[in-house]
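Colleague:
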Ligand code: SAH
C-alpha cells in the first residue's frame, strides 16, 4: 500500500506541540465544525501529506479533551475531512514493568486494541465491551527502526482498579492508555488502516502513583515520541 496522506490523532497539546513545530505544520483554520474544540495542523514532511489533529481544550474545564469520547469524534472528523490513507494515534501511555517496559520507551501497537473498563457480563456483550479492533502490522517498522511492540488496552481512567489490572492481563496487554481503542474502532468502521505509537510515561505495576510518574516523565516521553514519529513518517517501507 502506498501511503501519501497521514493523519495523526493526538490527545494532549503538550504531546503534539513539539511535533507540530519540528515538522513545521500550519494551523488550518476552519478544519473542523465551528463548535468542536479540535485543532488541525497540516503540511508536508518527507514527501508525505501530514495532518496533526489535537483534541483541544474543554470549554468547561480548560484542560485537554483526553480519553475516548473526543478521540472517537476527532478520528471520525479527521477521516471525513482529510481522507487520510493511514491514521496514527500518537501519545503517552503507562507500561507494564513485568513485560520489560521502561520509562521513555516508544512502543508500536501489536495485535488488536481492546478495553479494560467496559464490563458487560452478558452473552456476546462481554466481547463487545472488551472489543478487538485491528492494528496495521507494525513488525517490519519496529524491526527496521528499533522500536518495541506491545498490545494496547484502553480505558477512561488514568488510575486503575484491581479489576482493570486483571482485565489488562487477561487482554494480554502491555500498554495502558486512554484513546487507542476508540480511534481504532472508528478506523475499523471507516476502513482506514491504523496503528498507534505510544511513549511510556509511567509503569503501572510499580508502587509510585501514576500521576506522579506521569508528570515527572512527560517531557522525556514526549521528546522520544516526537523523534519516533519523524522517523516513522520518513521510513521508506511505510
Ligand atoms: N495529568 C495530565 C493528565 C493527562 S491524562 C496532565 O497534566 O495533563 C493522561 C493522558 O496520558 C491520556 O491521554 C492517556 O492516553 C495517557 N496516559 C499516560 N499514562 C497513562 C496511564 N498509566 N493510564 C492511562 N492513560 C495514560
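Residue numbers (my numbering): 7 to 244.
Note that the Cβ used here is the ideal one computed from N, Cα and C, for glycine as well.
Classify residue 55 as helix, strand or coil using the three-state DSSP reduction.
Modeller: Looking at residue 55 - three-state DSSP - the assignment turns out to be strand.
Colleague: Would you check if there are 3 or more beta carbon pairs closer than 8 Å linking the region 92 to 108 to the region 34 to 52?
Modeller: no
Colleague: Inspect the beta-carbon positions of residue 60 and residue 16 and report whether they are closer than 8 Å.
Modeller: yes
Colleague: For residue 57, count neighbouring Cβ atoms within 10 angstroms of its own Cβ and tell me buried if that reaches 16, exposed if not.
Modeller: By the Cβ neighbour-count rule, residue 57 is buried, with 16 or more other Cβ atoms within 10 Å of its own.
Colleague: Throw me the rounded Cβ distance for the residue 96 and residue 231 pair, which I believe falls under 8 Å.
Modeller: 6 Å
Colleague: Taking one C-beta from the region 175 to 184 and one from the region 123 to 132 each time, how about it: are there three or more such pairs within less than 8 Å?
Modeller: For the pair of segments examined, the region 175 to 184 was found not to touch the region 123 to 132: the number of CB pairs separated by less than 8 Å stays below three.
Colleague: Can you tell me which of the three DSSP states residue 241 falls into?
Modeller: DSSP places residue 241 in coil when its eight states are reduced to three.
Colleague: Thinking just about the alpha-carbon of each residue, which of 84, 74, 43, 77 is nearest to the one in residue 68?
Modeller: 43
Colleague: For the candidate residues 115, 217, 242, 20, whose alpha-carbon lies nearest to that of residue 190?
Modeller: 115
Colleague: Measuring alpha carbon to alpha carbon, tell me which of 75, 125, 145 ends up nearest residue 201.
Modeller: 145
Colleague: With C-beta atoms as the reference, is residue 125 less than 8 Å away from residue 70?
Modeller: Not in contact: residue 125 and residue 70 (Cβ atoms no closer than 8 Å).
Colleague: Starting from residue 114, follow the beta strand (DSSP E) in both directions and report where the run begins and ends.
Modeller: 112 to 115
Colleague: Taking buried to mean at least 16 other C-beta atoms within 10 Å of its own C-beta, is residue 160 buried or exposed?
Modeller: buried
Colleague: Under 8 Å: do the region 208 to 226 and the region 147 to 161 share three or more Cβ pairs, one atom per stretch?
Modeller: no
Colleague: Kindly give me the distance between the Cβ atoms of residue 238 and residue 147, rounded to whole angstroms, as I take these residues to be in contact under 8 Å.
Modeller: 7 Å
Colleague: What number of angstroms, rounded off, separates the C-alpha of residue 53 from the C-alpha of residue 240?
Modeller: Those two C-alpha atoms are separated by around 8 Å.
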